[in-house]
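Residue numbers (my numbering): 23 to 261.
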């Protein structure tokens, strides 16, 4: 019973600090590209150690709120208005239900995103998607690189949708659940099939065909969901 009430102060402090840094940006009138106080000064103001502050800054950088330039300082990022959600705390190993819940949360976001992207994606957006898929194809045997590149492809689609909230929601989901996304790749198994489906989605976007893009994205994500539902974590554990 005592383990249930074990302190989680480090995680809570990091999330709280990230929120306070966001408040600093908003209340002090900082805009994109503006330089924030030094790390030493912020640590002193917030009354925290440098490692804890750096952890909070890194979280904000991942979400695009900050731009950390080594040797120069910490700057307000282009996406400083992005949503900020505290990291969830899960006890024990990742469950099948959590992974299914994650995919089910992504499905409505990504179906709407890909539909809009088929209409609004620019040549630059499509070019970035092609580059990401080329990079993925070169790294089909490197799960860490492949997982990160695949999620970058999905985030690029959301960005190409032109809907800021959809893009931010997927950014938050992918940032908070990086480990879980990596496990889904392990469970899904076929890297080449996964890649082939991504290529098909991109082709539909390049053809400016919203209906086909939605059909292919739905088939892709629901296919992952079906694999997860059949997964037996006891028979086939993942790291």
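Glycine is no exception: its CB is placed at the ideal position from the N, C-alpha and C atoms.
- In this structure, the straight-line span from the alpha carbon of residue 45 to that of residue 51 is close to 10 Å.
- Rounded to whole angstroms, the separation of the alpha carbons of residue 248 and residue 97 is 43 Å.
- Counting only runs that start and end inside the segment 118-157, the alpha helix (DSSP H) elements of at least 4 residues fall at 118-142.
- Straight-line measurement puts the Cα of residue 185 at about 21 Å from the Cα of residue 88.
- Taken through DSSP and simplified to helix, strand or coil, residue 87 comes out as coil.
- Rounded to the nearest whole angstrom, the C-alpha separation of residue 68 and residue 93 is 22 Å.
- Nearest Cα to residue 240 within the set 230, 229, 223 and 254: 223.
- Residue 57 places its beta carbon 8 Å or farther from that of residue 86.
- Here the alpha carbon of residue 119 sits roughly 20 Å from the alpha carbon of residue 132.
- Per the C-alpha coordinates, the member of 71, 124 and 149 positioned closest to residue 191 is 124.
- Apart from sequence neighbours up to five positions away, the residues of its chain that approach residue 157 with a beta-carbon distance below 7 Å are 171, ordered along the chain.
- For residue 177 against residue 159, the beta-carbon gap comes to about 18 Å, at or over 8 Å, which does not count as contact.
- By the Cβ criterion, the segment 216-235 is in contact with the segment 133-142, since at least three pairs of Cβ atoms, one from each stretch, lie closer than 8 Å.
- Per DSSP, the unbroken beta strand (DSSP E) holding residue 96 starts and ends at 95-98.
- Your pair residue 162 and residue 168 checks out as a contact, with CB atoms roughly 6 Å apart and the cut at 8 Å.
- The beta carbon of residue 147 sits closer than 6 Å to those of 182, all from its chain and outside the five residues before and after it, given in chain order.
- Assigned with DSSP and collapsed to three states, residue 238 falls in helix.
- A buried status is given to residue 246, since no fewer than 16 other beta-carbon atoms sit within 10 Å of its beta-carbon.
- Relative to the Cα of residue 189, the nearest Cα in the group 214, 55, 213 and 130 belongs to 130.
- Looking only at 100, 229, 48 and 174, the smallest Cα-Cα distance to residue 54 is reached by 100.
- Taking a contact as a CB-CB distance under 8 Å, the pair residue 75 and residue 64 counts as one, their CB atoms being some 6 Å apart.
- The beta carbons of residue 250 and residue 209 sit closer together than 8 Å.
- Of the residues assessed, residue 214 falls on the exposed side of the cut-off, its CB having fewer than 16 other CB atoms within 10 angstroms.
- Excluding sequence positions up to five before and after residue 77, its CB lies within less than 7 Å of the CB of 36, all in the same chain and listed in chain order.
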